[in-house]
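Enquirer: Submitted below is the structure of interest, expressed as structure tokens.
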Amino acid sequence: MMPSPLRRRRRGVLAVLAASLLAASALAAVPAAAEEAPPVIATDFESGLDGWAPRDSGSGAPTVTVTDADAHAGVGAALIADRTSQGSGIIRDVTGVLIPGETYDLTAWVRFAPGQPADAVWASMARTTAGATSYDTIAQHAAATDTGWTQLSARFTMGAAESAQLYFETAYGGTNTSDLLVDDIVVTPVGDPQVEDVVPLKDTVDFPVGVAIDSRETTGAAAELLTRHFDQITPENHMKPEAWYDADRVFTPHPEAIALMDFARDEGLRLYGHVLVWHGQTPAWFFEHDDGTPLTNSEADQAILAERMRTHIFAVAEYLSSGWGAFGAENPLVALDVVNEVIDDGAQYADGMRRSRWYDVLGEEFVDLAFQYADEAFNHVYAADGADRPVTLFINDYNTEQAGKQDRYAALVDRLLARGVPVDGVGHQFHVSLSTPVSALAGALDRFADVGVTQAVTELDVTTGTPVTDALLVDQGYYYRAVFDAFRERAGELFSVSVWGLTDGRSWRVDSGAPLLFDDALQAKPAFHGAAGGELPPPARSASVFQGAVPLDADAASDVAWRQLPLHEAGDAARFQLRWDSDRLTVYVEVDDTTPGDDRVVLSWNDETADVPRGGGAEVEAVVSETATGYAVVAALPLAAAEGDSVLFDVRVVDDGSPRGGWSAEGTQGSLALVGALAYAEVPEAASAPVIDGAPDDVWADAATVATDIQVDGEAGATAQARLLWRDDVLYVRAEVADPVVDVSGVDPWIQDSVEIYVDAGNAKNGAYRAQDMQLRVNADGVVSFGAGDEAAQDARTDTAAARTETGYVVEAAIRLEGAGEPGTFQGLDVQVNDAAAGARTGIRNWADPTGLGYQSTARWGVVQLVAAPQEPSITVPAGAQAGAEAVVTVTGAAPGETVEVRAARGEGRTGEVIGTAAADARGVAEVTVALPDRPGVWQLTASADGDILAQTRVKLSR
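In case it helps, my numbering puts the sequence shown at residues -15 to 943.
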């Protein structure tokens, strides 16, 4: 029978409001062109390259031609072939075309050649002033493919430039060299956006509020927005060590640094400097002899590096004081990150220190020296007369909200203070996501509250995850509200709180989801209203939906898909889960209701709605089945769907004609994010526990195998076949890595050749890490490190080993599942391989999670089911069984969940009557309560499942 026609529904108030919030925030992703201004660049490649040319990033120029083999529109597109690096791209001079201080919308269509590895595509700008060049990321699109065209779009403000070039490349730091196609590039002026008349953020808190910027935020509406809400700025890049020197090693202040100092002075803003000493973005020659050979830790070389450090710090202090006055007088500089990111991410070193080149040569003393030199320069030599240490000196690091790194950070600070090192403050970067508990940030601040120094939040941003939905933006608003409430409670301990960027499109984390307070139209997001303590719409429900097809047959409600993931609550009487395919959204709903009546499930998606009555007559294709506690519905909702789509959705339950709750608030819809297929495997029970020593035990031959086939970053590179077993509440993993060149020289554990194993014990799919969740990392030499969570507790749950092989290396791990590892249970899991070369990570491959965000959220990890070892079929009757009595008969050898029936017959070859049934457990064992025949004597008992005989036995019944 054809389902009834669907009914159109009106969106609820929250759905409309949330959608409008999303539309506002999405201006960065799909900007609206100005109605009147014509484009200043409009290249369709129909009649040539229109000024676009090959970009040589230093490794050789690619070939750029117009091709008619594939185009977004028309017949022509630019083909960038023979690329030798990620920076090999297509470039156009925009000097005089794009005006500094003006705002523009950029759109372009991009794709990779068919069959070639895909990567993120970036639009970038090179701006040169006074001989110094700045490189700006204008737009990023992580979803470019080799199968079709994707629009790259952004709104940006042009920074100061004497000359400028706009270019397209693949992700910075990556290794992609695939043929790239670009078409229909349009740049349109939009005029200055209007800055909203909302309460200034700085007026809602009792501490200074800062923002990381460059000169693009010092003019026009961006500057107006900044000065309205913030009273402190941080130079995002142009006070890092390498920014102070030209190619000839001459100290040459960057025009960007000059512009920001001028802006801070002119606008009465504080300036927080970033950074004097860092392992990153520091010229390589700092750590080399004049002939290019590396410095060692010899006494002579230590003296060379210490003097270079002192010279650099004093040069910065002298320059900044000479141009803007002595520190503590009119100079806007009030604080500095003296050293940055000196704590190691693993626990392999007793002192907890990152093995950077600074450390290699000087040891931990480099931190002492940096603070001593900075204090001497900024607080004495170049300080105003009578000023009392006017520049506050900070140590700064990331992941301080994570327990293990926090412990190492606190231990270093304690050692520094005990040695009398002039550390004034502790900085917490707080680059976090919605999955990071706010309590972890508050806990980090509390950890240092009694140390005797001030604290600063230095680089705050909060990613939503992707795709960015209306519900996630509202959730982000509540997160920022909670975070700023925690900061307000600790205002007396805070020197300042800074967000790492003004607008989403300017964030280095934008690919992970809209991390900042304002969108690229300079409009306040829910994130801003939350941070400012303003009004927010009610939280909207949201969920990710994995791709998958579930047949609508008699067994639809028992499909394993509905057990692979936790069910979402829909009020107090129902739960649901979903899958999507190209033409449908399949919904499973189980309802607690043992009294049939006028019962139904009401499903709404986007503008459609449909009833699924318990008694039949659904308005969509559906299967309804009775259960022991009520009924279950599996319905197919017609929907043209694609990965990355967002769908508005709700499910509501009607019990005997009366509403009984739903997923979203009455009259509203939540938001579904359609993601790729769920990675799934069944893991067999091991006959015996493998020895964790890196050797190939025979027991691994029976393991399930998963492969790291998802390229998350880079291209090609190391891959792994991961063998999986379980036994006695322990998950065993043996990752066999194919890697022709093994490199563990990187200073961070994740940029070394290594395997990461993510375990969500019990498969809660909580998003935020629970105590049961783990990110375990083991490098090719067996060095162990962990991600979020309690390192000591995680270490106690694991045994690991590694060994080199002829083709790479192998990592083995035993991970205890904290009581969750029973037969038939589901566990969250992912396996990741980090590929490295020359001390840098060149690729990431995963089994399950394509987002690269598994270190922050468990939501996209794969799922494994623990399968019991098969048992030989048998039937066992208790000794002394009596005729006419009740007994429990044990049957083995059934499939988990199968219904086992026991029959009794007087002689062989007879069918007999059913005397009891029961479902087999996860091990295939059924405990069947039977009513034994009344007549004494010898009886044959037969156990069968699904019509097949499992086992038979003869039993003598007595009175």
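By construction, the Cβ of each residue, glycine as well, lies at the ideal position given by its N, Cα and C atoms.
Within 10 angstroms of its Cβ, does residue 269 collect 16 or more other Cβ (buried), or is it exposed?
Expert: Residue environment analysis places residue 269 among the exposed positions, since fewer than 16 neighbouring C-beta atoms fall within 10 angstroms of its C-beta.
Enquirer: Excluding five sequence neighbours on each side, which residues of the same chain lie with their C-beta closer than 6 angstroms to the C-beta of residue 736?
Expert: Hits under 6 angstroms: 728, 730, 763 and 820.
Enquirer: Considering only their Cβ atoms, is the gap separating residue 935 from residue 857 smaller than 8 angstroms?
Expert: yes
Enquirer: Return the chain-ordered list of same chain residues with a C-beta closer than 7 angstroms to the C-beta of residue 897, the five sequence neighbours on each side being excluded.
Expert: Taken in chain order, the residues that qualify are 887 and 888.
Enquirer: Put residue 18 into one of helix, strand or coil per three-state DSSP.
Expert: Its pLDDT being 39, under 50, residue 18 is placed unreliably by the model, and the measurement read from it follows with that caveat. Reduced to three states, the DSSP call for residue 18 is coil.
Enquirer: For residue 11, which of helix, strand or coil comes out of DSSP?
Expert: With a pLDDT of 35 at residue 11, under the threshold of 50, the modelled position of this residue cannot be trusted, and the question is left open.
Enquirer: Since I believe residue 398 is in contact with residue 377 (beta carbons under 8 angstroms), could you give me their beta-carbon distance rounded to a whole number of angstroms?
Expert: Approximately 17 angstroms separates the beta-carbon atoms of residue 377 and residue 398; this is outside 8 angstroms, ruling out the contact.
Enquirer: Quick one: what does DSSP say residue 513 is sitting in, helix, strand or coil?
Expert: helix
Enquirer: On the DSSP bridge assignment, give the partners of residue 924 in chain order.
Expert: 889 and 938
Enquirer: Could you tell me the alpha carbon to alpha carbon distance between residue 209 and residue 101, rounded to whole angstroms?
Expert: 40 angstroms
Enquirer: Give the straight-line distance between the Cα atoms of residue 545 and residue 894, rounded to the nearest whole angstrom.
Expert: 40 angstroms
Enquirer: What are the complete beta strand (DSSP E) segments, minimum 3 residues, inside the segment 96 to 153?
Expert: 105 to 113, 116 to 125 and 134 to 141
Enquirer: Can you tell me the Cα-Cα spacing of residue 540 and residue 454, whole angstroms?
Expert: 31 angstroms
Enquirer: Give me the Cα-Cα distance between residue 532 and residue 660, rounded to the nearest whole angstrom.
Expert: One C-alpha to the other measures close to 8 angstroms.
Enquirer: Taking only three categories from DSSP, how would you classify residue 579?
Expert: coil
Enquirer: Considering residue 219, what are the terminal residues of the beta strand (DSSP E) in which it resides?
Expert: 216 to 219
Enquirer: According to the neighbour-count rule (16 or more other Cβ atoms, all chains shown, within 10 Å of its Cβ), is residue 258 buried or exposed?
Expert: buried
Enquirer: What is the rounded straight-line gap between the Cα of residue 320 and the Cα of residue 500?
Expert: Roughly 23 angstroms separates the two Cα atoms.
Enquirer: Quick one: using the 10 Å Cβ neighbour count with 16 as the cut-off for buried, is residue 364 buried or exposed?
Expert: Exposed, by the Cβ-count rule.
Enquirer: With burial defined as no fewer than 16 other Cβ atoms inside 10 Å of the residue's Cβ, what is the status of residue 29: buried or exposed?
Expert: buried
Enquirer: At the level of alpha carbons, what is the spacing between residue 86 and residue 144?
Expert: Distance between the alpha carbons of residue 86 and residue 144 is about 10 angstroms.
Enquirer: What's the gap between the Cα of residue 50 and the Cα of residue 67?
Expert: 16 angstroms
Enquirer: When the distance is taken between beta carbons, is residue 191 closer than 8 angstroms to residue 480?
Expert: yes
Enquirer: Count the CB pairs spanning the segment 765 to 775 and the segment 705 to 724 that are closer than 8 angstroms, and state whether there are at least three.
Expert: no
Enquirer: Determine the DSSP secondary structure at residue 668, reduced to helix, strand or coil.
Expert: strand
Enquirer: What's the call for residue 459, buried or exposed, on a 16-neighbour Cβ count within 10 Å?
Expert: buried
Enquirer: Following the continuous beta strand (DSSP E) through residue 910, name the residue where it begins and the one where it ends.
Expert: In the DSSP annotation of this structure, the continuous segment of the beta strand (DSSP E) that includes residue 910 starts and ends at 910 to 915.
Enquirer: For residue 326 and residue 89, what's the separation of their Cα atoms in angstroms?
Expert: 39 angstroms
Enquirer: Please look up how many angstroms separate the CB atoms of residue 342 and residue 245, rounded, as I've assumed it's under 8 angstroms.
Expert: Contact flag wrong, Cβ pair sits at about 26 angstroms.
Enquirer: Among 812, 152 and 880, which has the Cα closest to the Cα of residue 832?
Expert: Answer by Cα proximity: 812.
Enquirer: Within 8 angstroms, do at least three Cβ pairs link the segment 840 to 855 to the segment 784 to 791?
Expert: Segments in contact, no.
Enquirer: Is it buried or exposed for residue 464, if we count other Cβ within 10 angstroms and need 16 for buried?
Expert: buried
Enquirer: Taking the C-alpha atoms as reference points, what is the distance between residue 13 and residue 137?
Expert: Summary for residue 13: the model assigns pLDDT 39, below 50, so the residue's position carries little reliability; its value from the coordinates is reported in the next sentence. Those two C-alpha atoms are separated by around 6 angstroms.
Enquirer: Which whole-angstrom value is the C-beta distance of residue 98 and residue 74, which I expect to be below 8 angstroms?
Expert: Not a contact, Cβ separation roughly 19 angstroms.
Enquirer: Could you have a look at residue 350 and say whether DSSP puts it in helix, strand or coil?
Expert: DSSP places residue 350 in helix when its eight states are reduced to three.
Enquirer: Here's a check: name, in chain order, each residue in its chain whose Cβ is nearer than 7 angstroms to the Cβ of residue 674, leaving out the five neighbours to either side.
Expert: 681, 683, 684, 709 and 716
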